[in-house]
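Contents: one structure, followed by commentary.
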Amino acid sequence: MATDITGVSGRAMLAALIDGERDPQVLAEMAKARMRPKIPHLVQALTGNFGEHHAFLCRLHLQRIDELTAAIAELSARIEEQMRPFARQLEHLMTIPGVGQTVAEVIVAETGTDMGRFRTGANLASWAGVCPGHHESAGKRKSGKTRHGDRWLTGALGTAAMAAARTKDTTYLGARYRRLAPRLGKKKALVAIEHSILVAVWHMLTDNVDYHDLGGDYFARLDPERAMRRIIRQANSLGFTVRFDPIQAA
């Protein structure tokens, strides 16, 4: 009945249970705002066996949650203080699709923002461990697994890549994921997106600029004939034929 049992309504009910209140109707009436319409269902949910031992354990859990919440708040304040000198870089990084404040802070913390130590964006991606290896012997291609890199950075980039992939054809990164996933598989396609993000990071921090999105139609503009062939294949699979006629200039 409650999406978050530690929200305002949930905490009020839990506190009452710990203090000895057992009447389901009284407990349900503590619901606030959007939970008010759920009161009849809450009465049913709150009907059951809740004894002194349950109250004891519940109190310990809530205390632990409060301790962790306070620690997170303290750490967040500390991170904000440490990131203050890099405010401009954070603003640039958060213009990348999929990169929010937390991911941007990890990028700053792990790379140090000094791109002078990396000759190119590809060097940065290789150092981070999001650059697939290229092992070939006697003309045979062997494993192309990524090497172990900065796990904190790659973890943050993975979060950003998944968010960017969901943009589909509205951004360059989304279009690139959609283009690669059928051929490489979802996991390898995400690594490719991580690589693209980090190369963009190198250019942005080197030139002190925002992210410039090439657009979700970048690949169609790059190779229009291939885009048309894909449309034809899709139409044929649905039992249709298509013909392309150029639009006459006005």
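Converting from the sequence shown to this note's numbering requires adding 247 to each position, the first position being numbered 1. Beta carbons are placed, not taken as given, at the ideal position from N, Cα and C, and that holds for glycine.
Pairwise C-alpha distance: residue j and residue i
{"i": "R573", "j": "E327", "result": "The question about residue 573 has no answer here: the residues shown for the chain are numbered 248 through 497."}
{"i": "G295", "j": "E321", "result": "38 Å"}
{"i": "D268", "j": "A275", "result": "Looking at the sequence shown, residue 268 is not Asp but Glu. Computed Cα separation, rounded: 11 Å."}
{"i": "R366", "j": "A467", "result": "31 Å"}
{"i": "A422", "j": "L261", "result": "47 Å"}
{"i": "L309", "j": "G254", "result": "12 Å"}
{"i": "Q272", "j": "S484", "result": "59 Å"}
{"i": "A372", "j": "C378", "result": "6 Å"}
{"i": "L289", "j": "Q329", "result": "45 Å"}
{"i": "T510", "j": "I354", "result": "Lying before the first or after the last residue shown, residue 510 is absent from the chain, which here runs from 248 to 497."}
{"i": "G257", "j": "A482", "result": "52 Å"}
Backbone secondary structure at residue i - three-state DSSP
{"i": "C305", "result": "helix"}
{"i": "L461", "result": "coil"}
{"i": "G267", "result": "coil"}
{"i": "R476", "result": "helix"}
{"i": "L293", "result": "coil"}
{"i": "L485", "result": "coil"}
{"i": "R366", "result": "coil"}
{"i": "D492", "result": "coil"}
{"i": "G380", "result": "Interpretation of G380 is limited by its pLDDT of 48, a score under 50 that renders its predicted location unreliable; no figure is taken from the coordinates."}
{"i": "A259", "result": "helix"}
{"i": "G254", "result": "coil"}
CB of residue i within 8 Å of CB of residue j, strictly
{"i": "L437", "j": "M475", "result": "no"}
{"i": "A249", "j": "M282", "result": "yes"}
{"i": "I444", "j": "I343", "result": "yes"}
{"i": "L264", "j": "F297", "result": "yes"}
{"i": "G345", "j": "A403", "result": "no"}
{"i": "W374", "j": "G405", "result": "no"}
{"i": "A324", "j": "L337", "result": "no"}
{"i": "Y424", "j": "G462", "result": "no"}
{"i": "G368", "j": "H459", "result": "no"}
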